Amino acid sequence: MAGATVQRTRAQQVNDLLDSAEVAALIADLEETRWTGRPGYPVRSMVGMMLVKSLYAIPTWSRTARLVGEHAALQEALGAAPSVYACYRFTAKLREFPDAVDRCIAAVLARLREQNPEMGRNIAIDGSDMPAYANGQRFVSKGGRERERYSDPDASWGHRSSVSTRSGGGYYGYKLHAAVCTATGLPVAWRVESARTNETMIAPSLLDAAAARGFRTETCAMDKGYDVTTMYDACEERGIRPIVPLRQTPDVKKGKDAPPSCEHGVWTFAGSDTKRGASKWRCSAGQCAPASAWVKADRLHPLVPRATARFKSLYHRRGAVEREFGRLKHEWSLLPLRVRRIDGVRLHADLSILARLSMALLAAQPLRVVTDAGFGKAAA
Ligand SMILES: [Zn+2]
């Protein structure tokens, strides 16, 4: 019976998500487009299928349809057991209405931000590999003829860095670029691009997307891959402090990133002035004239200096973005991909993350009363 209770709880979650104000608004939005046509299933049931797929981390529609077909509590929550073909039709149609999904995501993020005013203040940005549902090898077989047609022409070869036990290397597919709040661990902005796309070209648009969704970002932690001048400028132009470690470039090897120093030793950091765009440093003995100096912010001398405890703490929290990639891939069915073409992959990522965010919102809501007769209404 324990298993039944667990399933009941998840079906209850699906039901509560479908009844949440934000998802209900998405359903109403889609109903208004009237494209379901066909003696089909209600939009609510179809949105429910998307949620079930993500909540149960199922990679394919056929397995999702089979699960619902065998699961009375889920059917009760959805009000139907849609066929696998209905799911294909629904997602194909949904690609034509990306604004409806966007509005729902924005509404869920706005509610999350109301609950956590700190959300999005300190973020971390990174990119993660999403191998395509396609073969990108140039030759059909080893030593065989050259491939003429690629089943997913939007995918491309990219590079992934090594993660714990897995070594890095090339892969064929897409890359998910994401900005994750380091306090809540939740994504605030993301974008899917072909794998070959450079991270530093995409990151500024994530900062803008987070701002457009109402987040007031103060710092952004990124790994060495983002250690390029344009990235520092992009952050500072938006009033955001970049938290990025230095690559060993010639200037760094020459020690040009070092703080000012004098015969009394290395000067100490005395705070930054964001309006002035410079950090203040002081002679540790206070015997020099002048005893302090302003250093203009740039890649070598960021406003949050790398030697400070604040920088170290903020950079340490960068791990939040990698942990979230892991959760999305393993717990929210972001991978393996079972769709082709970038529009389909983008919708898939949006729906996976929407389910993830909606559940985070639901987890913070008061519990509903469940009765044997069915799904109860919210306790008064
Ligand atoms: Zn001095």
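Residue numbers for the sequence shown, in this note's numbering: 890 to 1269.
Cβ coordinates follow ideal geometry from the N, Cα and C atoms, glycine included.
Please read all numbers here as calculations on a predicted model, not as lab measurements.
In the DSSP assignment, S1202 falls within the unbroken alpha helix (DSSP H) covering A1198 to H1205. In the three-state reduction of the DSSP assignment, S1050 falls in the coil class.
If you draw a straight line from the Cα of A961 to the Cα of R1195, it comes to about 57 Å. In chain order, R1227 place their CB closer than 8 Å to the CB of T949, counting only its own chain and leaving out the 5 sequence neighbours on each side. Where S1083 is concerned, the enclosing beta strand (DSSP E) starts and stops at P1076 to S1083. Under the Cβ criterion (8 Å, minimum of three pairs), the stretch 904-921 counts as touching the stretch 987-1000.
With fewer than 16 other Cβ atoms from the protein chains shown falling within 10 Å of its own Cβ, M1090 counts as exposed. Annotated as proximal: L1203 and T1108, with beta-carbon spacing under 8 Å.
Inter-residue distance for P987 and H1237 is about 11 Å (C-alpha atoms, whole angstroms). For A1147, the distance from the CB to the nearest heavy atom of ligand 1 is not below 7 Å.
Relative to ligand 1, even the nearest heavy atom lies 7 Å or more away from the CB of H1237. When the beta-carbon positions are compared, S1222 and K982 stay at least 8 Å from each other.
In terms of Cβ geometry, S1050 and A1084 do not form a close pair [threshold 8 Å].
K1164 counts as exposed, since fewer than 16 other beta carbons sit within 10 angstroms of its beta carbon. As the crow flies, the alpha-carbon of W1156 is around 51 Å from that of I1231. Contact fails between the stretch 1184-1201 and the stretch 1009-1027, because fewer than three Cβ pairs, one in each stretch, are under 8 Å apart. Here the C-alpha atom of P1042 lies approximately 15 Å from the C-alpha atom of M1019. A distance criterion of 7 Å places the beta-carbon of A1174 in contact range of ligand 1, judged by its closest non-hydrogen atom.
Minimum Cα-Cα distance from E1152 among the listed residues R1171, K1143 and K1218 corresponds to R1171. Note that the C-beta distance between K1064 and S1017 is below 8 Å. Residue pairing from DSSP places T1108 in a beta bridge opposite N1011 and R1130. Judged by their CB atoms, A1110 and Y1061 are not nearer to each other than the 8 Å cut-off. Setting aside the 5 residues that flank it on each side, R1000 is surrounded in the same chain by E911 and L1250, each with a C-beta closer than 7 Å to its C-beta; the list follows chain order. Bounds of any alpha helix (DSSP H) do not take in R1171; it lies within the beta strand (DSSP E) bounded by A1167 to R1171. In the same chain as L1217, and ignoring 5 residues on each side of it, the C-beta atoms closer than 7 Å to its own belong to L1223, S1241, I1242 and R1245, in chain order. A direct Cα-Cα distance of roughly 8 Å separates R1102 from L998.
The Cβ neighbour count for P1179, taken over all protein chains shown within 10 Å, is under 16; the residue is labelled exposed. The shortest CA-to-CA distance from Q1176 to any of H1205, S1161, G1154 and F1158 is the one to G1154. Setting aside the 5 residues that flank it on each side, P1134 is surrounded in the same chain by K1113, each with a C-beta closer than 6 Å to its C-beta; the list follows chain order. With contacts defined as CB atoms closer than 8 Å, L956 and L963 qualify as a contacting pair.
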